[in-house]
Amino acid sequence: MSLAEKVVIVTGASSGIGATTAEAFAKHGAKVVLVGRNETNLKAAEAACKAANNKVELLSITADVTVDAERIIKTTIDKFGQLDVLVNNAGIAELGHILDIDVEQFDRIMNINLRSVFLLTKFAAPHLVKTQGNIVNVSSIGGLRSFPDTSSYCTSKAAVDQFTRCIALDLAAKNVRVNAVNPGVIVTEAHRRMGMSEEEYAKYLEHCKDTHALGRVGSTKEVADAIIFFASDTASFITGATLPIDGGKHAMCPR
Ligand code: NAI
1 MSLAEKVVIV
11 TGASSGIGAT
21 TAEAFAKHGA
31 KVVLVGRNET
41 NLKAAEAACK
51 AANNKVELLS
61 ITADVTVDAE
71 RIIKTTIDKF
81 GQLDVLVNNA
91 GIAELGHILD
101 IDVEQFDRIM
111 NINLRSVFLL
121 TKFAAPHLVK
131 TQGNIVNVSS
141 IGGLRSFPDT
151 SSYCTSKAAV
161 DQFTRCIALD
171 LAAKNVRVNA
181 VNPGVIVTEA
191 HRRMGMSEEE
201 YAKYLEHCKD
211 THALGRVGST
221 KEVADAIIFF
231 ASDTASFITG
241 ATLPIDGGKH
251 AMCPR
């Protein structure tokens, strides 16, 4: 599938990996549906898409993925008449040791990172069957590997990985592919949103040189490139895959 003229939904498109992914799809000539909660940030993401391709057709939907999944899909179909690719990118991370975290954190993270992915997939699937489209989920290295103080997050992403594989099997007979990318540490606002100060973040990035085999953290473009790969025909024989985009972090083991 060439991505030109394909209708692509990117959730969490107003910042970070989602914004860069929306821009990449725009560059490839896709019609891009940007989903986010913050209208001002969505406008900035729209401008970046237009700068990448001044002919791009865009639709911005101000929405919360936990409550607006059905509306997101319906608004897309009303505007473009079809859906070819769903990128489930919106997500949050929070720290918490099991001796301290409360059930609200667990529920919040599961609601955003997992339940919304289920809902969007459910409402999008009939339309993806019509177009022989595909889904790309943005999971995490935290889905494939375990880290302390992030049990809710890691568990939500492990569930996204399993959901990816199960739905890949559900939809394989319909020729709809479902894959996930599993980023390592990528420079976005995500860690500051988790409550890290500038100083803590700088220290963390320095520490990441040791925890990523390639000796550095990743960029949003490196994740977006992998999403574009999965979404395109180049990946026509790949489904149910979870691909680390993590500078080799998944291959490492403490000594
Ligand atoms: P980010 O914080 O810039 O992007 C997340 C986006 O999701 C934001 O635009 C946020 O507003 C949106 N979002 C959150 N809850 C939402 C909701 N209820 N409804 C609609 N939108 C909502 O951070 P980043 O890093 O770009 O994160 C994107 C994805 O990548 C997330 O799923 C995250 O878990 C994943 N990821 C990020 C890594 C990193 O190091 N930055 C590493 C591994 C995975």
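The numbering of the sequence shown is this note's numbering, which starts it at 1 and goes up by one. Cβ atoms here follow ideal geometry from the backbone N, Cα and C, with glycine treated the same way.
Kindly give me the distance between the Cβ atoms of residue i and residue j, rounded to whole angstroms, as I take these residues to be in contact under 8 Å.
{"i": "G133", "j": "V176", "result": "6 Å"}
{"i": "V160", "j": "N113", "result": "7 Å"}
{"i": "D118", "j": "F163", "result": "Per the sequence presented here, residue 118 reads as Phe, with Asp not at that position. Right, their Cβ atoms sit about 7 Å apart."}
Would you check if the distance between the CB atom of residue i and the CB atom of residue j is smaller than 8 Å?
{"i": "L3", "j": "A235", "result": "no"}
{"i": "F25", "j": "V35", "result": "no"}
{"i": "G184", "j": "G143", "result": "no"}
{"i": "A190", "j": "A48", "result": "no"}
{"i": "E57", "j": "K31", "result": "yes"}
{"i": "I245", "j": "T220", "result": "no"}
{"i": "V223", "j": "L205", "result": "no"}
Note down, in chain order, each residue of its chain lying with its Cβ closer than 7 Å to the Cβ of residue i, except the 5 sequence neighbours on either side.
{"i": "I227", "result": "T21, V87, V136, V181"}
{"i": "S60", "result": "L34, L42, E46"}
{"i": "M194", "result": "A93, E94, L95"}
{"i": "P126", "result": "none"}
{"i": "F147", "result": "C154"}
{"i": "N111", "result": "T66"}
{"i": "C192", "result": "In the sequence under discussion, the amino acid at residue 192 is Arg, which differs from the Cys named in the question. Excluding positions up to five away in sequence, the list reads Y201."}
{"i": "K174", "result": "V129"}
{"i": "K268", "result": "Because the chain is modelled from 1 through 255, residue 268 falls outside the range shown and cannot be assessed."}
Out of the options, point me to the one whose CA is closest to residue i's CA.
{"i": "D241", "options": "M252, V178, A190", "result": "The sequence as given places Ala at residue 241; Asp does not occur at that position. Among M252, V178, A190, the Cα nearest to that of A241 belongs to V178."}
{"i": "F123", "options": "A69, N111, I92", "result": "A69"}
{"i": "E5", "options": "A44, D84, R71", "result": "D84"}
{"i": "E39", "options": "N53, S15, V56, K157", "result": "S15"}
{"i": "S152", "options": "D233, I109, V56", "result": "I109"}
{"i": "H212", "options": "T188, K203, R145, A251", "result": "A251"}
{"i": "A63", "options": "V217, L128, S116, T239", "result": "S116"}
{"i": "R171", "options": "G29, K31, L128", "result": "Going by the sequence as given, residue 171 is Leu instead of Arg. If we check each option's Cα against that of L171, L128 comes out closest."}
{"i": "T131", "options": "H207, N54, I77, D100", "result": "I77"}
{"i": "I72", "options": "I238, I98, R37, V103", "result": "R37"}
{"i": "T150", "options": "K209, I101, D210", "result": "I101"}
{"i": "T121", "options": "V103, R145, R165, D107", "result": "R165"}
In chain order, what residues of the same chain lie with their CB nearer than 8 Å to the CB of residue i, ignoring the 5 residues before and after it?
{"i": "F229", "result": "A235"}
{"i": "L214", "result": "G247, G248"}
{"i": "L243", "result": "N179, A180, V181, N182, A226, F230"}
{"i": "C253", "result": "none"}
{"i": "K27", "result": "A52, N53"}
Excluding the 5 residues preceding and the 5 following residue i in the sequence, name in chain order all residues of the same chain whose CB lies nearer than 6 Å to its CB.
{"i": "G96", "result": "Q105"}
{"i": "K79", "result": "L59"}
{"i": "G12", "result": "G18, N89, A90"}
{"i": "K260", "result": "Given a span of 1 to 255 for the chain in the structure shown, any question on residue 260 remains unanswerable."}
{"i": "Q82", "result": "V7, T131"}
{"i": "A168", "result": "V178, T239, G240"}
{"i": "E23", "result": "A48, C49, A52"}
{"i": "L99", "result": "none"}
Determine whether the Cβ of residue i lies closer than 8 Å to any Cβ atom of chain B.
{"i": "A69", "result": "Among the protein chains of the structure shown there is no chain B, as only one such chain exists."}
Please tell me whether, using a cut-off of 7 Å, the distance from the CB of residue i to the nearest non-hydrogen atom of the ligand FAD is below it.
{"i": "T76", "result": "The ligand FAD is not among the ligands present in this structure, which contains only the ligand NAI."}
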